[in-house]
Amino acid sequence: MDRMLAARLHVPSRTLRLEEVPKPQPGPGEVLVKVAAAGVCLSDVHLIDGTLTPLLLEGDTVTLGHEVSGTVAEVGAGVTAWTEGQRVVLYAGETRGGVTYTRGVDYDGGWAEYALSSAAALTALPDAIPFEQGAIIPDAVSTPWGAVTGTGAVRPAEAVGVWGAGGLGVHAVQLLRTVGACPIVAVDPNPVARERALAAGADLALDSADPGLRARIGAVTAGAGLAAAFDFAGVPAVRSQALSVLAPKGRLVLVGLTDQPLSVADGTRFSYLQQQILGHYGSDMPVALPQLLRLIEGGRVDFSASISGVLPLAEAARAVERLEKKEGDPVRLILRP
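Structural data, given as structure tokens:
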């Protein structure tokens, strides 16, 4: 039986190991993809450190990696939509029996030489887009895209705020610029992240500890406040701060994940102003991925600056360490088998 290398997480011990495992074989309706690039996400870090735990995983070990691009290596019986050699991006999850499973969490992902996918959970990657950029689209880009265009329903000329200008937040800034939001305010305690947000298109970048934050947001919005605020940090203090600068009927979109309680300090004010708090997770990938790939191919957005480094698969643990410790303030690190 053919073998391959994979970076696998033993969930009970939270141990990441590079292992030689059987190369998967595509069954009916499945496609085997030779992995070219796989993103390293903060969610992967949290799976390893125990902050997140797979809910639907069968067994206790899983190959990580939900951001994956590559080429079709083999197709299973009945697959006619894909042929060997095609460049593809894999969805970050699949729906089976009405239940959504996340790749690299609930079933084996792309930190490996090969990855399996349902034939319906792929999209074509245009030749003009490098595998590294293609790999990050299913989460780092499509998640903020879904938050901005779907859950947040941002309209042109609306004032918006982005809390957390990291791996997802900086892309939210770019995408908000693309849909015409104005002004765009980025909030982050890290000066490097603030500079990155300005380079991505933010009109104003503020330190969350700035005592004049509310006044500065008031000034840039002519006293109206923000029509929409996006929390990409998953921090209770961020949510309270964002609520304090929302406009009447403004909405706070929660993208960053946390197990901490959500509270509204002044419920009367919140209700009187008819504000909203909206939860967001992932994106409608069959719609979002082709949209985003067209925008990249058409030159409307460029995520090349988000690729902060490319490491071999054998250095998966080192990539996780770099992201966890924010060495060099990476947006996305890529593993290449």
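Under the numbering used here, the sequence shown has 1263 at position 292, and the numbering climbs by one with no breaks.
Heads up, the beta-carbon is just placed ideally off N, CA and C, and yes, glycines get one too.
Since we're looking at a predicted model, the values are computed, not measured.
{"query": "Exposed unless 16 or more other CB atoms sit within 10 angstroms - verdict on Arg-974", "result": "exposed"}
{"query": "CA-to-CA distance, Ile-1100 to Arg-1210, given in whole angstroms", "result": "36 angstroms"}
{"query": "Bridge partners - Met-975, DSSP secondary structure assignment", "result": "Val-992"}
{"query": "8 angstroms Cβ shell around Leu-1013 - same chain, five flanking residues per side excluded", "result": "Gly-1137, Gly-1138, Leu-1294"}
{"query": "Contact the region 1175-1195 vs the region 1092-1111: 3+ CB pairs below 8 angstroms", "result": "no"}
{"query": "C-alpha gap between Arg-1271 and Ala-1111, whole angstroms", "result": "17 angstroms"}
{"query": "Distance between Leu-1223 and Pro-1207 (C-alpha atoms, nearest Å)", "result": "12 angstroms"}
{"query": "Alpha-carbon spacing of Ala-1168 relative to Gly-1047, whole angstroms", "result": "44 angstroms"}
{"query": "Beta carbon of Leu-989 nearer than 7 angstroms to that of Asp-1015", "result": "no"}
{"query": "Per-residue DSSP class, three states only, for Arg-1148", "result": "helix"}
{"query": "Where Thr-1073 falls, given that 16 or more other Cβ within 10 Å makes a residue buried", "result": "buried"}
{"query": "Extent of the continuous alpha helix (DSSP H) to which Val-1219 belongs", "result": "The amino acid occupying residue 1219 in the given sequence is Pro; Val does not appear at that position. Taken as a continuous stretch (DSSP letters only), Pro-1219 belongs to no alpha helix (DSSP H), being part of the beta strand (DSSP E) at 1217-1225."}
{"query": "Residues that His-981 bridges to, as DSSP identifies them", "result": "Thr-986, Thr-1032"}
{"query": "Residue burial classification, Val-1141 (beta-carbon count within 10 angstroms, cutoff 16)", "result": "buried"}
{"query": "Residue range of the unbroken alpha helix (DSSP H) whose run includes Tyr-1243", "result": "1238-1243"}
{"query": "Burial state of Gly-1227, where buried means 16 or more other Cβ atoms lie within 10 Å", "result": "buried"}
{"query": "Exposure of Val-1163, with buried meaning 16 or more beta-carbon neighbours within 10 Å", "result": "exposed"}
{"query": "Trp-1116 (DSSP reduced to helix, strand or coil)", "result": "helix"}
{"query": "N-terminal and C-terminal residue of the alpha helix (DSSP H) that Glu-1166 is part of", "result": "1162-1171"}
{"query": "Three-way DSSP call (helix, strand, coil) for Arg-1187 in this model", "result": "helix"}
{"query": "Coil, strand or helix - Pro-1257 by DSSP", "result": "helix"}
{"query": "Helix, strand or coil at Val-1302 according to DSSP, with G and I counted as helix", "result": "coil"}
{"query": "Identity of the residue in Pro-1182, Ala-1171, Gly-1221 nearest Ala-1198 by Cα", "result": "Gly-1221"}
{"query": "Three-way DSSP call (helix, strand, coil) for Ile-1100 in this model", "result": "coil"}
{"query": "Sub-7 angstroms separation of Ala-1152 and Glu-1166 beta-carbons", "result": "no"}
{"query": "Burial state of Glu-1055, where buried means 16 or more other Cβ atoms lie within 10 Å", "result": "exposed"}
{"query": "Beta-carbon spacing of Asp-1202, Trp-1116 below 7 angstroms", "result": "no"}
{"query": "Neighbourhood of Asp-1178 by C-beta, 8 angstroms cutoff - its chain only, sequence neighbours within 5 removed", "result": "Val-1158, Asp-1159, Pro-1160, Pro-1162, Arg-1165, Leu-1184"}
{"query": "Ser-1089, enclosing alpha helix (DSSP H) - first and last residue", "result": "Per DSSP, Ser-1089 belongs to no alpha helix (DSSP H); it is in the beta strand (DSSP E), 1085-1089."}
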